[in-house]
Amino acid sequence: MHTLVIDHPLVAHKMSRLRREQTSSATFRLLTEELVTLLAYEATRGLEVGEVAITTPVSPTTGREMSEPLPLVVPILRAGLGMLNGMVRLMPTAEVGFLGLVRDEESLIASIYADRLPADIDNRQVFVLDPMLATGGTLIAAIDILLDRGAKDVTAICLLAAPEGLARLEKAYGDRAENVTLVIAGLDERLNEKGYIVPGLGDAGDRLYGTV
Ligand code: URA
-16 MHTLVIDHPL VAHKMSRLRR EQTSSATFRL LTEELVTLLA YEATRGLEVG EVAITTPVSP
44 TTGREMSEPL PLVVPILRAG LGMLNGMVRL MPTAEVGFLG LVRDEESLIA SIYADRLPAD
104 IDNRQVFVLD PMLATGGTLI AAIDILLDRG AKDVTAICLL AAPEGLARLE KAYGDRAENV
164 TLVIAGLDER LNEKGYIVPG LGDAGDRLYG TV
């Protein structure tokens, strides 16, 4: 697995605004979209493009454009939905699929409750959106589903990660540097006893959708 922590002043500024408890849901949604667009720029560095013949107003030439099969963007319900606009703004022709995962509070095992992925994801480059990498259980379940169904590579874009979740991901995909990439805006201190990232930003879904 390849991990990329985006160290950029604009990302740092927007993350600080996002974390503040006074930030309204409307501003939280806007900041999330802006942050994802910034992260997506780095996360798409390995995107495959093929040569195409084009004509400019001046002369014919060769351009490079996204090739088929087009990349797939998969927000994890519910909080990942808040990241979708920021991602498709940069890649409007990408296809979008959805995954809903719920964690059993006793066994801590994540299971699927909604699967709206395209039937054929063989050889596709996939971008998974989930704002908070806490224990890692949900993200690992999602990445496993995508790799099992034939995804060529999976890039997970998260806003924040806890060291505990990052360690679990590294253990699961440590030997798959070419298949799995994690892009994050920040690595926080730890998880608290309730499973929240510290200092974090609280419950991302609640903050996005105003249910705090
Ligand atoms: N999910 C969240 O929304 N926030 C956390 O801090 C951890 C998991």
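Read in our numbering, the sequence shown has 31 at position 48, and its numbers run on one by one without any break. Cβ coordinates follow ideal geometry from the N, Cα and C atoms, glycine included.
* **Start-to-end residues for the beta strand (DSSP E) that takes in A93** => A93 to R99
* Around the C-beta of Q108, are 16 or more other C-beta atoms found within 10 angstroms, so that it is buried, or is it exposed? -> buried
* To do: Could you check if D105 is buried or exposed, using at least 16 other CB atoms within 10 Å of its CB as the buried criterion?
  => exposed
* Kindly confirm or deny that the segment 89 to 99 and the segment 37 to 50 touch, where touching means at least three C-beta pairs closer than 8 Å. => no
* **Nearest-angstrom Cα separation, counted from I59 out to A155** => Those two C-alpha atoms are separated by around 19 Å.
* Give the secondary structure of I180 by DSSP, where H, G and I count as helix, E and B as strand, and everything else as coil. => In this structure, I180 counts as strand in the three-state DSSP scheme.
* With respect to the beta strand (DSSP E) encompassing G33, which residues constitute its N-terminal and C-terminal limits? -> V32 to T38
* To do: Tell me, please, which residues DSSP counts as bridged to G169.
  => L143
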